[in-house]
Each structure stands twice: as structure tokens, then as C-alpha cells.
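**Q** First residue of the sequence shown: 1, per the UniProt record's numbering; consecutive thereafter.
Please see the structure below; I have some questions.
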Amino acid sequence: MSAIPATTTGTPYGTLPPASPLPRRKPISLPRLTQMRAEGEKITMLTAYDATFAAVADAAGVECILVGDSLGMVCQGLHSTVGVSLQTMAYHTESVTRGLHRAQGTAWVIADLPYGSYQESREQALRSASVLMQAGAHMVKLEGGGWTAPTVDFLVERGIPVCAHLGLTPQTVHALGGYRVQGRGDAQAAELRHHALQLQDAGASMLVLEMVPAQLSASLTQELTHCHTIGIGAGKGTAGQVLVLHDMLGVNLGKNPKFVHDFMQDAGSVKGAIEAYVQAVKNGSFPDDALHAW
Ligand SMILES: Nc1nc(=O)c2c([nH]1)NC[C@@H]1CN(c3ccc(C(=O)N[C@@H](CCC(=O)O)C(=O)O)cc3)CN21
Ligand SMILES: CC(C)C(=O)C(=O)O
Ligand SMILES: [Mg+2]
Numbered sequence: 001m002s003a004i005p006a007t008t009t010g011t012p013y014g015t016l017p018p019a020s021p022l023p024r025r026k027p028i029s030l031p032r033l034t035q036m037r038a039e040g041e042k043i044t045m046l047t048a049y050d051a052t053f054a055a056v057a058d059a060a061g062v063e064c065i066l067v068g069d070s071l072g073m074v075c076q077g078l079h080s081t082v083g084v085s086l087q088t089m090a091y092h093t094e095s096v097t098r099g100l101h102r103a104q105g106t107a108w109v110i111a112d113l114p115y116g117s118y119q120e121s122r123e124q125a126l127r128s129a130s131v132l133m134q135a136g137a138h139m140v141k142l143e144g145g146g147w148t149a150p151t152v153d154f155l156v157e158r159g160i161p162v163c164a165h166l167g168l169t170p171q172t173v174h175a176l177g178g179y180r181v182q183g184r185g186d187a188q189a190a191e192l193r194h195h196a197l198q199l200q201d202a203g204a205s206m207l208v209l210e211m212v213p214a215q216l217s218a219s220l221t222q223e224l225t226h227c228h229t230i231g232i233g234a235g236k237g238t239a240g241q242v243l244v245l246h247d248m249l250g251v252n253l254g255k256n257p258k259f260v261h262d263f264m265q266d267a268g269s270v271k272g273a274i275e276a277y278v279q280a281v282k283n284g285s286f287p288d289d290a291l292h293a294w
């Protein structure tokens, strides 16, 4: 019987290289995201709802993982995100952060505060955010304009990084009248800009801009020097991009929104598709303003 070299581990399937003693990259932090932006490197974000996909997205180079309340539509089969509970968000956040931990992942994890878990009071928002932070999130996200600024300030003062979300805010789809582009026209654009500045002043360090005209999100990105804009259907001028993982892998319950590109088409594997997304965002080829924006 031949001796197994000391630096390899014998398994029933052959020999494996020794585990790397160091993580693949340093954990992503807010200062690291700020540095990327200063250097002109785009920030990449994808949703993930479970341990395995979170680990694969991390290994493919995505900096930020969003445990989005879109899981209500993607995983639970709901018609909107309104029915997602805080308990469900905590369950998926725990799964994602466990997967990252096991895979020695380094992604920055953001968890959505679901509908009804932060609207009542700043205290209610802190209690809900604590549940998600204790489930392993590094940051919480909430939807809404200037009315959320006191809540953002309250959480940030207490040590919880906050991502805001403007434009199409899916939790208020019934009030908005559908999943449609927001911030069109001078008056709506000025209002959205005012809300964004209020949220930055309150301490939001990230802002998702969903389905807003590319020109508006680009000019907002120039203005918001302390708050990183992440676009979805908002053109290429934002500091970063986000998509729902299932959408960009071409698996869905219906028709993809216009802002989605199916990266699985030209990829041989899920990891390859995510790597192609990361590369396309970094080199500016996604989104294509003519195809994926307004
Ligand atoms: N799978 C999935 N992907 C998402 O991007 C997503 C979710 N779920 N759930 C939460 C919200 C809802 N979102 C949506 C849902 C539908 C459209 C949509 O149907 N858009 C059409 C119509 C646009 C219009 O009327 O102007 C489009 O063609 O883009 C867009 C965003 C974005 N978020
Ligand atoms: C679409 C993104 C921004 C989101 O909020 C979600 O996935 O829930
Ligand atoms: Mg969401």
C-alpha cells in the first residue's frame, strides 16, 4: 500500500489537497465597499435564500448577498412580498449565514425587514432588526422614503447598518398600482432625490434603487457620496447592481422583468453563470441601458 503524503487527506474518492489555512479573501465590510467605490470598482449583489446557493454565490465572487423578502414569491409561491413574516426572514437568514460560515464565505449579508415589522415605531424596527442581526445578517434593508429616516437613524445609532430602498418598493405594490417604473418626470424625480438625501443624512450606508430611470439613478449616485447606490432596473450608473438569483439563472414562475438577463444561457454551470454576472457588472456590460433599464 502506498503511503499517503502528509499534506493530503485520504478519502474514499481519492486524495484531496490540504484545506487552505487562509480564507479566499478578507471578509467584505463597509470600509471595503467604500474603498471599492473610491477605486471605481462596481459592487455586485445577488439574492440567496439557502445555505448552498449562498456559498456558491460567494465562491463566484459576489460581494453582497441579499436575503430578500422576494423569497416569498420565489420560495413560498406568494403573489407579492407582503405576506412574508419576520420568522421566515430569520429562518432563511440563518440558513444563508450557516452556509457561508461552513464554506468560509466572506460576503456581506443584508436581510430584508419584511412588511409590518418596522412601520409601527422605531422600537418595533429595532426589535425586528435585532432578530435578523442575531440570525447572522450584517445589515438590514427597509423600504420607503423620508418617513423611514427617523427609523434609519435610530437603528444606525444603535449599531445596525441600514440599507434603504426607493423607487419600486414591492411591499407597497398595491398602493403603487403595480410593478412599474418610478421617478419618471421632473416632479417625481425631485421627490425621489429628496427622499434619498434624507435617508443618507439619517445614516443609511446603502440604497437600493429599483425601477427608476437610468439618468436619475446615475445623478443620485454622484450626489450620494456616503451612501452606496445599488440598482435593479436602474441603469448602469449606480455604484453596484443586484438581481434575484433565480431570475438571472433563468428559473422562474412566470415572465422575467425587463431588467433581468439570463446568465445561464451562455454558462455551463450555476457558478459559471454567477461568475459571468460578476464580470459583466464589473466591466459595465450589464446592465445594458437599452435592454434592461428605463
Ligand atoms: N423573482 C423576482 N424578481 C424580482 O426582481 C422581484 C421579485 N421576485 N419579487 C419582489 C420584487 C417584485 N419585482 C418586480 C416584479 C415584476 C416586475 C414586472 O413585471 N415588470 C414588468 C412591467 C414593467 C412595467 O409595467 O413598467 C417589466 O417588463 O419589467 C418588476 C419587478 C422585483 N422583485
Ligand atoms: C429585489 C431586491 C432588491 C429585493 O428587495 C428582494 O429581493 O427582496
Ligand atoms: Mg425586498
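C-beta atoms are modelled at their ideal positions from N, C-alpha and C, and glycine is treated no differently.
From a predicted model like this one, the values you see are computed outputs, not experimental measurements.
To the nearest angstrom, how far is the alpha carbon of Asp266 from that of Ala273?
**A** 8 Å
**Q** Using the Cα positions of Val74 and Asp247, report the straight-line distance between them to the nearest angstrom.
**A** 9 Å
**Q** So, are the CB atoms of Glu143 and His174 less than 8 Å apart?
**A** no
**Q** Just to check my reading of the structure: Thr47 and Leu78 have Cβ atoms closer than 8 Å, yes? What is that Cβ distance to the nearest angstrom?
**A** The Cβ separation is near 15 Å, so there is no contact.
**Q** On the three-state DSSP scale, how would you describe Glu123?
**A** helix
**Q** Do you know how far the Cα of Gly14 is from the Cα of Gln200?
**A** 54 Å
**Q** Does the segment 28-45 touch the segment 251-269, meaning 3 or more C-beta pairs lie closer than 8 Å?
**A** no
**Q** So which of Ser70, Ala135 and His92 has the shortest CA-CA distance to Tyr115?
**A** Ser70
**Q** With DSSP run on the structure shown, which of helix, strand or coil describes Ala3?
**A** Per-residue confidence for Ala3 stands at a pLDDT of 49, beneath the threshold of 50, marking its modelled position as unreliable; the derived number appears in the next sentence. It is coil, neither helix nor strand.
**Q** With DSSP as the reference, please indicate the residues paired to Gln241 in a beta bridge.
**A** Answer by DSSP bridge pairing, in chain order: Thr44 and Gly231.
**Q** Curious, which full-length beta strand (DSSP E) runs of at least 3 residues does the segment 80-153 contain?
**A** 108-112 and 139-143
**Q** Can you tell me whether DSSP reads Glu63 as helix, strand or coil?
**A** coil
**Q** Counting only beta-carbon separations shorter than 8 Å, does Val242 have a partner in chain C?
**A** The displayed structure is made up of one protein chain only, and chain C is not part of it.
**Q** Any contact of the segment 212-220 with the segment 230-237, i.e. 3+ C-beta pairs under 8 Å?
**A** yes
**Q** Let me confirm a value: Trp294 is counted as buried when at least 16 other C-beta atoms fall within 10 Å, else exposed. Which label applies?
**A** buried
**Q** Taking 8 Å as the cut-off, decide whether the C-beta atoms of Phe286 and Gln241 are in contact.
**A** yes
**Q** Does the distance between the C-beta of Leu168 and the nearest non-hydrogen atom of ligand 1 fall short of 7 Å?
**A** Checking every heavy atom of ligand 1 against the Cβ of Leu168, one is found closer than 7 Å.
**Q** Does DSSP put Gly250 in a helix, a strand or coil?
**A** coil
**Q** Is the segment 121-133 touching the segment 170-190, taking contact as three or more C-beta pairs under 8 Å?
**A** no
**Q** Closer than 6 Å by C-beta to Gln198: which residues in its own chain qualify, once you throw out the five before and the five after it? Chain order, please.
**A** Gly146 and Ala149
**Q** Is the closest heavy atom of ligand 2 to the C-beta of Ser217 under 7 Å?
**A** no
**Q** What does the alpha-carbon distance come out to for the pair Ala3 and Pro12?
**A** The pLDDT assigned to Ala3 is 49, lower than 50, so where the model puts this residue is not dependable; a value taken from the coordinates is nonetheless given after this. Rounded to the nearest angstrom, the two C-alpha atoms are 15 Å apart.
**Q** How should Met1 be labelled, buried or exposed, when 16 other C-beta atoms within 10 angstroms of its C-beta is the threshold for buried?
**A** In this prediction, Met1 scores a pLDDT of 44, lower than 50, which makes its location untrustworthy; the coordinate-derived value is nonetheless stated afterwards. Taking a 10 Å sphere around the C-beta of Met1, we find fewer than 16 other C-beta atoms and assign the residue as exposed.
**Q** Where Thr102 and Asp58 are concerned, what is the direct C-alpha to C-alpha distance, given to the nearest angstrom?
**A** Here the sequence assigns Arg to residue 102, which means Thr is not the residue at that position. Approximately 12 Å between the Cα atoms of the pair.
**Q** Arg98 and Ala51 look like a contact to me (Cβ under 8 Å); what is the Cβ gap, rounded to whole Å?
**A** That pair is a contact at about 5 Å.
**Q** Can you list, in chain order, the residues of its chain with a C-beta nearer than 8 Å to that of Ala55? Leave out the 5 residues immediately preceding and following it.
**A** Gly99, Leu100, Arg102, Ala103 and Gly105
**Q** Leaving out five residues before and five after Val62 in sequence, what residues of the same chain have Cβ atoms less than 7 Å from its Cβ?
**A** Thr44, Met45, Leu46, Ala107, Ile274 and Val278
**Q** Does the distance between the C-beta of Pro257 and the nearest non-hydrogen atom of ligand 1 fall short of 7 Å?
**A** yes
**Q** Quick check: what's the CA-CA separation for Ala196 versus Glu157?
**A** Using only the alpha carbons, I get a separation of about 19 Å.
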